[in-house]
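Chains as they are written, first to last, in the working numbering: chain D, 1 to 194; chain E, 1001 to 1408; chain G, 2001 to 2357.
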Amino acid sequence: MELKVKQVKRVDGVKEAFYIPAAFGGLRLTVKHFFRNLFGSRDVVTINYPEEKRPVSMRWRGRHRLTRKDDGFLKCVACYMCETVCPAKCIHIEAGEHPDLSIEKYPVRFDIDELRCVFCGLCVEACPKEAIRMDTGVVAMAYSSRKTFDFTRDLLRDNYDPNQHESPKYGDEDLPRPESQESALPNSQGIPAS
Amino acid sequence: MSLATQQLSSLVTPPPQGDSDTSIMKIEIGPSHPAMHGIVRFTTYLDGELIVGMEPEIGYLHRGFEKESENSKWIQVVPYTDRLNYVSPLLNNIGYSMAVEKLYGIEAPRRAEFTRVIMGEISRITDHLTCVGAASMEVGAFTFFLWFIKAREYLWELVEEVTGARLTTNWTRFGGNATDIPDGFFDALQERLDKVKDIMDECDKLLTRNKIFIDRVKDVGTFSKEDAISFGFTGPMLRACGVPYDVRRADPYSVYDEIDFEIPIGSTGDCFDRYLVRMEEIRQSISIIEQAADMMPAGPIMTDERLMHYPDKKEVYGNIEGLIDHFKLVMEGHQPPEGEVYLPTEGGNGEIGFYLVSDGSGDPVRVRMRPACFNYVEAMPAMTVGHYVADIVPIFGSVNMIGGELDR
Amino acid sequence: MDLILEILSIPLVQSILKIAFIILLFAMPLGTVLTLMERKWSAMIQDRVGPNRANVGNYTGNGLLHLAADGLKSIFKEDTIPQGANGFLYLIAPFFGLIAGVATFAIIPIAGPIGDFTFQVTDIEPGLLFIFAITSLSVYGAVLAGTSSNSKFALLGGTRASAQMISYEVFMGLALMGIFMVYGSTRVSDIVNGQNEYWFGNLIPMWGVFTQPLGFFLFFTALIAETKRAPFDAPEGESEIVAGYFLEYSGMRWSAFMLAEYVAVAGVAVLMTTLFFGGYHVPWLHLWESAPQWLVTLLQIGKFSIVTIFFCWLQIQLRWTLPKFRFDQTMSLGWKKLLPLSLANTALTAVVVLAFM
């Protein structure tokens, strides 16, 4: 394609030499908007946020979640892919042995520091098991304490619905526990697990 | 005598004054000041309201992008580039990814390139909308600014549809894009572009012909062609001075040489020309998007080279090679061949260039970004000295300094 | 009952009641409501929602409670005095503008007289000259605030404000010369009554806007500049000198500046109504001769309020439509364009008045 150049037009007419015509032209426009929003159909893009929520797209990268298998147990095999690829180094995993020998490993700890997270989505791409997703649609996380943003495994886990998963083989209670209670428990700040 | 041949220092330091001479007032504009987009400081010397000296100080938003990149894998730099020019993140993504592709010596598939053109131009529009809107707001046209922000909102929703985020897009990969455009995207695109055009027309009526606005921006911050070139201006700032330099035409990358568009240029290089050039570029970008949408080919969005992208999940589960590739790519990262590249692309603000050095391992040896607005801020003393203190506002607005890009 | 009527007929008591009524029930509430209306109306222009969050329980009144919230906030906010400021001048500066703004209302009649009783605090002989005197007082507010704050931005703002306001007083006076000549008086009640006459039988009322169209534009422009509203708000210059002369103020004193601005907006509106739109006179009402007095008074107050609110709205609409002038452009507009125009207008009016009246 050849180079096409367009000289921008500087408006220097008679109308532009006076203040009044443009002031009236502008007033006509703003008055139109004023009365349209006062009486007619409101063309307002503002959202009254906490009451109405903006529909986020299907691809919106929100808070992480850990998906489950059909038996209700986490899909994650603690392979450390996401921890390695994370540019913000916000994922911390500790692997543990699963009682079922056919399942090699599972995460004893899976913590994400959501304050460090940059929501790039590289962990989702790197996961070979589709165990971590960012499709929760959670747009804003606002808590009053810094500690609250340390999301542990149990908080990140999907809501477990027994009707959907018919024969749970292993619940969390069957599994070996991490050494200290605090390290595995959901944060005490009262975040719902969902 | 052109400014470039003058000593720049004569503009920076004020005329000599004794201790008892109080006619020169030193005033610190910034770092926290309504007209300083982001954070930058201008030590300004005033004689009454007239600026007689100015000293820009940058670096308040330095986050160590380049050093941080050296400690990352190649792919981990992509999220960082979102945060360089944070009003047009996709253009940074594209610039960086294309530079890495050049290092590899590969090209993305055509569909990916066309998608990049569309998304990049959307990003350019948002960049110009923000810049023109903010600059106009500072000369008092607040309504204009909010209408432009409304237009930008429409476009950012499109960006969100495709990339999954409005600002921190992290969308391009090496050899393609992370996601393809979703179904029904083009209808939404056309509808949104029409809305943006309407808003542009309204705003044109409100401001372009308004004498008050013309008074504020005309013959303010005038910069000659020669000075602009010797200061290293690029992008809309250089084009406003009358030089038809656009990387998309001067050094065509991606598929821009198949697309028909005009390069708007100004005549005098004042703030009014910069405003008009940016307004015209928005219109040109809309036309580019419409052309690219018509020409959009079918096909993959990711190159099929090995070890460039994660294999399909089917491969990972069912094939040992796929699994090995996947793990290798995560653990060792992309390993472009040894060498160095510089790839200039046309950002929203001027030429964005990425200079990359690879030693063949998974870690970048050097990631250097050429920020477009660095040169503009350097020229601020030359542009403002001799004007009134109120003229800093339209001049600095038209410069469109983006802190993230300037200080990196 | 007789005693009450007796007390009410004392002129001093009447004056106090009128002051209470016009200032406390008209000027101040109008100014206060305008602070909210500016935000709501600008939101409508800009396709936004505007303030709507202040609430008591679930009641928000669509933003109305922001009035109370803002007032409470500024009362309880710390009243800071910057280091190195001149304490006394700094403390008294905010109230000059407010007093000047409110005093404008003293000579404005908001309805026609009923017998001896006038709906006007005082109908002094100098009339509008009083307005000029009072508005020049408000310059002191800006100047004192600017110089006493010990801030360079405030100093720049104060300098700009003083230069601009003193200059525009000249054109303000000159623009009104035509009105004085046409109605032959500086007394407000005479001007208002003069506008109740009609041209071509009963076709067109002799409003100031028809007898002095150029004077109307000039006076309106000069008044907006005098009150430092957009597009002439270079003294505040929010983008280059941050907030200008009241940059360092906080709390209630800052609110006093804001309130003064909006009272001034209302003052501009009542002046425009009184001088150019027939004041309280409802056009063609004299044709209805059997109209009861109470209805006439109500209609007059209604007409006066509607035109006043229209001019308040117009000023706000102008503010959100136009970009603002640079300071030197404001001055050159005044001295190079408005001054010759108002002189020409005065001369032309003089010729016409001499020739035809």
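Ideal Cβ positions, reconstructed from N, Cα and C, are used throughout, including at glycine.
Element boundaries [alpha helix (DSSP H), containing residue 1291 of chain E]: 1271 to 1295
Near-chain E residues of the segment 2237 to 2249 of chain G - C-beta to any C-beta below 8 Å: Residues of the segment 2237 to 2249 of chain G with a C-beta less than 8 Å from any C-beta of chain E: 2237, 2238, 2239, 2240, 2241 and 2242, listed in chain order.
Element boundaries [beta strand (DSSP E), containing residue 943 of chain E]: Outside the shown range of chain E, which is 1001 to 1408, sits residue 943 of chain E, and nothing can be said about it.
Beta strand (DSSP E) runs contained entirely in the segment 43 to 98 of chain D, provided each spans 3 or more residues: 91 to 97
Which residues DSSP lists as bridging residue 2195 of chain G, in chain order: Residue 2195 of chain G is not bridged to any residue.
Cβ neighbour criterion (16 or more within 10 Å) applied to residue 108 of chain D: With 16 or more Cβ atoms within 10 Å of its Cβ, residue 108 of chain D is classed as buried.
Collapsed DSSP secondary structure at residue 110 of chain D in the structure displayed: strand
The segment 1114 to 1129 of chain E touching the segment 1278 to 1298 of chain E, judged by at least three CB pairs closer than 8 Å: Segments in contact, yes.
Residue 4 of chain D (DSSP reduced to helix, strand or coil): If DSSP states are grouped into helix, strand and coil, residue 4 of chain D belongs with the strands.
Sufficient close CB pairs (3 or more, under 8 Å) joining the segment 2232 to 2240 of chain G to the segment 2279 to 2297 of chain G: no
Segments of 4+ residues assigned as alpha helix (DSSP H) that fall wholly inside the segment 1200 to 1275 of chain E: Complete alpha helix (DSSP H) runs here, min 4: 1211 to 1217, 1225 to 1230, 1235 to 1240 and 1247 to 1250.
Near-chain G residues of the segment 1384 to 1395 of chain E (beta-carbon distance less than 8 Å), N- to C-terminal order: 1388, 1389, 1390, 1391, 1392 and 1393
Under 8 Å by beta carbon: chain G residues contacting residue 1147 of chain E: 2046 and 2047
The segment 1130 to 1146 of chain E: positions lying closer than 9 Å to chain G by Cβ: 1136, 1137, 1138, 1139, 1140, 1141, 1142, 1143, 1144, 1145 and 1146
Assigned secondary structure, residue 2208 of chain G (DSSP; H/G/I helix, E/B strand, else coil): helix
Assumed close pair residue 1350 of chain E, residue 1237 of chain E - CB separation to whole angstroms, cut-off 8 Å: 6 Å
Collapsed DSSP secondary structure at residue 1086 of chain E in the structure displayed: When secondary structure is reduced to three states using DSSP, residue 1086 of chain E falls in the coil class, being assigned neither helix nor strand.
Residues bridged to residue 1173 of chain E (per DSSP): E:1176
Contact check, residue 1358 of chain E vs residue 1337 of chain E, beta carbons under 8 Å: yes
The segment 76 to 95 of chain D: positions lying closer than 7 Å to chain E by Cβ: Along the segment 76 to 95 of chain D, the positions whose C-beta sits under 7 Å from a C-beta of chain E are 81, 84, 85 and 87, read in chain order.
Minimum Cβ-Cβ distance from residue 11 of chain D to chain E less than 8 Å: yes
Pairwise C-alpha distance: residue 2111 of chain G and residue 2266 of chain G: Each residue's Cα considered, the two are about 17 Å apart.
For residue 2190 of chain G and residue 1150 of chain E, believed in contact at Cβ under 8 Å, the rounded distance: So it is not a contact: roughly 51 Å between Cβ atoms.
Partner residues on chain G for residue 56 of chain D, Cβ-Cβ distance less than 8 Å: Chain G residues near residue 56 of chain D: none, gap ~20 Å exceeds 8 Å.
Interfacial residues, the segment 2309 to 2322 of chain G to chain E, with Cβ spacing under 7 Å: 2320, 2321 and 2322
From G:2320, G:2102, G:2336 and G:2277, residue whose alpha carbon lies closest to that of residue 2308 of chain G: G:2277
Residue 1082 of chain E versus residue 2045 of chain G: straight-line alpha-carbon distance, rounded: One C-alpha to the other measures close to 33 Å.
Interface flag, residue 2327 of chain G vs chain E, CB-CB below 8 Å: yes
Residue nearest to residue 2323 of chain G in terms of C-alpha spacing, selected from D:9, D:4 and D:22: Selected option, being the one with the closest Cα: D:22.
Simplified DSSP state of residue 2232 of chain G, which is helix, strand or coil: coil
Strand pairing of residue 151 of chain D, partner residues [DSSP]: According to DSSP, which records beta bridges pairwise, residue 151 of chain D is partnered with D:112.
Identified DSSP bridge partners for residue 2261 of chain G: DSSP lists no partner for residue 2261 of chain G.
Cβ neighbour criterion (16 or more within 10 Å) applied to residue 3 of chain D: exposed
Beta-carbon proximity list for residue 163 of chain D, same chain, < 8 Å, skipping 5 on both sides: Only weak support is given to the placement of residue 163 of chain D: the predicted model assigns it a pLDDT of 49, under 50, and the value that follows is read from those uncertain coordinates. Hits under 8 Å: none found.
Spatial distance of residue 193 of chain D from residue 151 of chain D (CA atoms): Its pLDDT being 36, under 50, residue 193 of chain D is placed unreliably in this model, and the coordinates cannot settle the point.
Residue 33 of chain D to residue 48 of chain D span [Cα, whole Å]: So the alpha carbons of these two residues sit roughly 20 Å apart.
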